[in-house]
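Each protein sequence line maps, in turn, to chains A and B.
Everything in the first sequence is counted per the working numbering, starting at 1 for the first residue and increasing by one.
Everything in the second sequence is counted per the working numbering, starting at 1001 for the first residue and increasing by one.
Using N, Cα and C, we set each Cβ at its ideal position, and we do this for glycine too.
2 protein chains.
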Amino acid sequence: MSPPLDAVRQYLQDHADRNVGDLCEFLKIPSISADSKYRGDVRRAAEWVRDQLAACGCDVELVETAGHPIVFGSICQQPNAPTVLVYGHYDVQPPDPLDKWQTPPFEPDIRDGHVYARGATDDKGQMLTHVKSVQAWKNAVGDLPVNVKFVIEGEEEVGSNNLEIFLEEQRDRCSCDIAVVSDTAQYGPGIPAITYGLRGIVACEVTLTGPRQDLHSGVFGGSIANPVNALCSLIGKLVDDEGLIQIPGFYDDVLPLTDEERQAFDELPFNEQDYLGNLGMSAVFGETGYTTLERRWARPTCDVNGIIGGYTGEGPKTIVPSFATAKISCRLVPNQDAEQVVQSLEQFLRDNCLPGLELSFTSWHGCEAVLCDTSSSHMAAAQAAIETAFGKAPVMIREGGSIPVVATFKKVLNVDTLLLGWGQNTDNLHSPNEKFSLEAFHQGTLASACLWHELVQHHSL
Amino acid sequence: MSPPLDAVRQYLQDHADRNVGDLCEFLKIPSISADSKYRGDVRRAAEWVRDQLAACGCDVELVETAGHPIVFGSICQQPNAPTVLVYGHYDVQPPDPLDKWQTPPFEPDIRDGHVYARGATDDKGQMLTHVKSVQAWKNAVGDLPVNVKFVIEGEEEVGSNNLEIFLEEQRDRCSCDIAVVSDTAQYGPGIPAITYGLRGIVACEVTLTGPRQDLHSGVFGGSIANPVNALCSLIGKLVDDEGLIQIPGFYDDVLPLTDEERQAFDELPFNEQDYLGNLGMSAVFGETGYTTLERRWARPTCDVNGIIGGYTGEGPKTIVPSFATAKISCRLVPNQDAEQVVQSLEQFLRDNCLPGLELSFTSWHGCEAVLCDTSSSHMAAAQAAIETAFGKAPVMIREGGSIPVVATFKKVLNVDTLLLGWGQNTDNLHSPNEKFSLEAFHQGTLASACLWHELVQHHSL
């Protein structure tokens, strides 16, 4: 390590307890963005972040939005160094069901080397690592080697409705070379990872309406299209028994996995029996010709998320239902166009609908998949930083879920994002007893501190 | 007409008002079998029927069952004449929603030539025609030309759970040459009909269970079978786009319509545009090669009656649901074996289920289709009776619904049933403002009186 980084490392070691204390203070604020009765607490969390950033020497502002405020902070004193935008969120999921928590969700409890609280890993704990690394550089060295901007929002758990507006409006202020987000996970315990790909998503609802009321299935059955049968038939046609999606053109733009990626995925530890055991299922199923990791991370899907129609109470009721409705979503992979997929899906449904029924279709705002350049200097810097902090080179993984902000950064700011997750998938995100390993908290903070250093090193190469 | 029948007709004319008065008295009793708080009223209705039959000179008994009592009455004084078993029910559907009734459901109101009340046509009014015709013969002539037995139950609206037990136990007491049921309808206003065929039914519920809880569709989607997609796929495979059911062997035993039947159906007045207009639909759909009446009356079906799975609230929720469940019923046609159909259906579902899912299947008691001999002397007697009473020969129709008691009479007593409906499909059965035409009530009573006469005439032929 370079001498300044040594000083930073020493500072972090010396202030480890204080950092944990600050994290616990932050976790005590019930900043539940979904519930308006916590509006005051949400603002209090924003102010807490503002004050932390100010204490690091950042210029800070609470930017008002139509919803909860965005904390914008910056420390930009290196005109020749790269500029990093750190994104995170200070809001948390509702803690329900409360009776499943071993200790109260907003009274952080430290046990077994973890802090237990709502938001511990998602995202207060992970986000704070970057604040604490900036603070360490500032206090131990006097200045940062890079320029850092913070965009910490309070609406991630309710759809980030005002973030894109903010970025569009303050594009210049947010300009940067690379974004950093710590809101994913390591691949597993002791296996640090960088996530370089995300799936996108489109979601819609389709309703088939037949007779204006439920009909007697004896008197009328057989003479008109049954909306439930017809909807099932449509959905049945969407995916064949080999797991291939049948919408014309659906795979046309799909970027195939490279041989290198497939080999790298194959080399990751993955036990299918354990995977199934955790889910309580007896077999995997998916697109023919792909492994389970490939299916989850890099192949598109077409899943029904919910369906309802007709009589769903106890016992039989012999009716032809009046209508049926289903929610359908597709996970997208790189190069697929979200809008195009929604259009093809709607067209497929209309083309295959039985006569006499009315089809209505609505879709929600989607987002496209993300694939980051794994050969960039930023990526190399992140790999080096993680190897230093965790003592092990990160594995390069993709993730099946979607983080819309990453596509937004690409679109609005034209930058890639480094997805650096310090948590674990078993940290009970969105569930009772959410936790975050204190070791990961400290390692993540150190990795962040190293990242500022490495970005400069790799920038000048 | 023969002189005795002339006397009966005269008697019925003279006592028309009294008969309507008795009907209204009967309709005032809220004999709602589904609701235990009306248990006393249900019994009161049974006693009312008992007293009516006793007043006609019948031997009567209230036979206790595990549920509501069965009224058994008989007047058997003609050892050489045929014996008729009249079946009907004194219980009624619940009257909800009460606020949709123009006049209260148990305060019979006469307007526009109809009596409005719950049970007016289903089945108090229709059933009473046979009691009143016996009374007319008894009082006007002194004796009946045939032997008549009445089996009037109080549980038709809740599944007739104790009727078959009663018939099995009292098989000898119920022995007869022909059964008569007036619980169907005329083909239309001014078009009296005899229903000679009924569809049967089987009903089941199938549930597919996947992961032990709903999963994140990003993290897991694509790697396991989605229970909703899989259930839709199964259901989609049950019926093809030509309306043909794909269960192996499903049509093997189906008795085809004869050319004569198809021609007779074609000659019935039927306006498809009116039919669709009433349903609020834009097109018919059904098995290729059959007309709408044929599809409704004489071809089997496979209808989903209800389906549910996953998230069905507002907006999107991107999950892979844990399970999905559907209720499926098949209407059966003559010669199909209900048990065999259920077995084939279950086998088809199991054979086509995606890997990794658990399939559970339950079925409810079904009943087979009925086809009565249209060339029997009893049928000829009924045709003649209706022609005399209504001034018009009845059309011969089938019905798409199921009346399990008809199959039970065939099985237990080995007799056909004459389905002689005096009501109309527009009489609001099971709906608010149920009604029964007084003209149909009088015509039906006369037709019943004529039937006793004609059965003897055709018996001796």
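Listed by chain order, chain B residues near residue i by CB distance under 7 Å
i, result
"Asp303(A)", "Ser1217, Gly1221, Asn1226, Asn1229, Val1320"
"Phe285(A)", "Ile1224, Ala1225, Leu1354, Pro1355, Gly1356"
"Cys372(A)", "The premise fails here: Cys372(A) is roughly 17 Å from chain B at the closest Cβ pair, so nothing lies under 7 Å."
"Cys367(A)", "Those within 7 Å of Cys367(A) in chain B number zero; the least Cβ separation is about 11 Å."
Interface flag, residue i vs chain B, CB-CB below 8 Å
i, result
"Thr312(A)", "yes"
"Lys138(A)", "no"
"Ala193(A)", "no"
"Arg299(A)", "yes"
"Lys100(A)", "no"
"Cys76(A)", "no"
"Gly190(A)", "no"
Euclidean distance between Cα positions of residue i and residue j
i, j, result
"Ala1016(B)", "Asn1428(B)", "24 Å"
"Pro269(A)", "Gln1213(B)", "25 Å"
"Asp351(A)", "Val1180(B)", "50 Å"
"Val20(A)", "Glu294(A)", "37 Å"
"His459(A)", "Ala81(A)", "8 Å"
"Phe166(A)", "Leu62(A)", "12 Å"
"Leu1354(B)", "Gln1343(B)", "19 Å"
"Lys327(A)", "Gly1218(B)", "15 Å"
"Cys1056(B)", "Val1131(B)", "8 Å"
"Phe1390(B)", "Asp1303(B)", "37 Å"
"Val49(A)", "Trp297(A)", "33 Å"
"Ser175(A)", "Gly309(A)", "49 Å"
"Ala1193(B)", "Ser282(A)", "57 Å"
"Ile29(A)", "Leu1215(B)", "28 Å"
"Asp1143(B)", "Gly1073(B)", "16 Å"
"Leu1446(B)", "Thr1129(B)", "8 Å"
"Thr195(A)", "Phe323(A)", "42 Å"
Residue i, buried or exposed, once every other Cβ within 10 Å from all chains shown has been counted against 16
i, result
"His1365(B)", "exposed"
"Lys37(A)", "exposed"
"Glu1454(B)", "buried"
"Glu156(A)", "buried"
"Asp1035(B)", "exposed"
"Ser1363(B)", "buried"
"Ala1225(B)", "buried"
"His378(A)", "buried"
"Asp1091(B)", "buried"
"Arg1111(B)", "exposed"
7 Å Cβ cut-off: residues of chain A touching residue i
i, result
"Pro1211(B)", "Leu279, Gly280, Met281"
"Thr1292(B)", "Ser223"
Residue-level contact to chain A via CB, residue i, 8 Å cutoff
i, result
"Gly1197(B)", "no"
"Pro1432(B)", "no"
"Arg1295(B)", "yes"
"Ile1201(B)", "yes"
"Ala1324(B)", "yes"
"Thr1388(B)", "no"
"Leu1027(B)", "no"
"Lys1237(B)", "yes"
"Glu1107(B)", "no"
"Cys1174(B)", "no"
"Cys1024(B)", "no"
Neighbour list for residue i in chain B, Cβ cutoff strictly below 8 Å
i, result
"Thr207(A)", "Neighbours of Thr207(A) on chain B: none; closest Cβ ~12 Å, over 8 Å."
"Lys317(A)", "Asn1305, Gly1306, Lys1327"
"Gly401(A)", "His1216, Gly1218, Val1219"
Neighbouring residues, chain A, relative to residue i (Cβ below 9 Å)
i, result
"Val1146(B)", "Near Val1146(B) there are no residues of chain A at all, since even the closest Cβ is about 32 Å away, more than 9 Å."
"Gly1331(B)", "The amino acid occupying residue 1331(B) in the given sequence is Arg; Gly does not appear at that position. Chain A residues near Arg1331(B): Ser217, Gly218, Gly221, Gly222, Thr318."
"Thr1463(B)", "This structure cannot speak to residue 1463(B), because chain B is shown only from 1001 to 1461."
Chain B residues whose Cβ lies nearer than 9 Å to that of residue i
i, result
"Trp364(A)", "Gly1315, Pro1316"
"Val405(A)", "The premise fails here: Val405(A) is roughly 15 Å from chain B at the closest Cβ pair, so nothing lies under 9 Å."
"Pro269(A)", "Here the premise fails: no neighbours, minimum Cβ distance about 16 Å."
Cβ contact check for the region 198–210 of chain A and the region 391–408 of chain A: 3 or more pairs under 8 Å: yes
Are there three or more Cβ pairs, one per stretch, closer than 8 Å when the region 326–340 of chain A is compared with the region 160–167 of chain A? no
Flag this pair as touching only if the region 112–121 of chain A and the region 435–447 of chain A have three or more C-beta atom pairs under 8 Å; answer yes or no. yes
Could you tell me whether the region 226–241 of chain A touches the region 1228–1236 of chain B, where touching means 3 or more Cβ pairs closer than 8 Å? yes
With a cut-off of 8 Å, do at least 3 Cβ pairs link the region 445–452 of chain A to the region 137–149 of chain A? yes
Would the region 177–192 of chain A count as touching the region 419–434 of chain A if we require 3 or more Cβ pairs under 8 Å? yes
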